[in-house]
Amino acid sequence: MNTLKALLIMSIWTLLIASALYAVGAHKYYQDLVWAIGIGITLLLTHMVNMVLYFRVAGDKPYKWFSSEVL
3 MNTLKALLIM SIWTLLIASA LYAVGAHKYY QDLVWAIGIG ITLLLTHMVN
53 MVLYFRVAGD KPYKWFSSEV L
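Taking our numbering, the leading residue of the sequence shown gets 3, the next gets one more, and so forth.
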């Protein structure tokens with residue numbers, strides 16, 4: 003359940019960042035070098051925050067997708 007909660011929080015965070023990038027017109031200026039660097043840094047920070055959010059909410063144990071199967 004914690005994994006689903008973490009994924010929901012990560013999705014909300016990512017949607018907020020995507021909306022902000024769209025609102026400032028990043029999709030129009032991605033070929034400009036300054037905008038491209040700014041967009042890249044923003045996306046990298048978004049990914050890093052997503053990782054922090056996941057491990058804070060879900061913990062450091064990986065989700066066991068096939069826990070019912072015997073290996």
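Beta carbons are placed, not taken as given, at the ideal position from N, Cα and C, and that holds for glycine.
Taking the continuous alpha helix (DSSP H) assigned at G61, which residues delimit it?
G61 -> no alpha helix (DSSP H), and no H or E assigned at all.
T44 beta carbon less than 8 Å from that of L10:
no
Range covered by the alpha helix (DSSP H) that runs through V3
Val is not the amino acid found at residue 3; the sequence shown has Met there. Element bounds for M3: n/a, residue is neither H nor E.
Residues of its chain near V26, where Cβ-Cβ distance is below 6 Å and the 5 sequence neighbours each way are ignored:
none
Excluding the 5 residues preceding and the 5 following I19 in the sequence, name in chain order all residues of the same chain whose CB lies nearer than 6 Å to its CB.
T48
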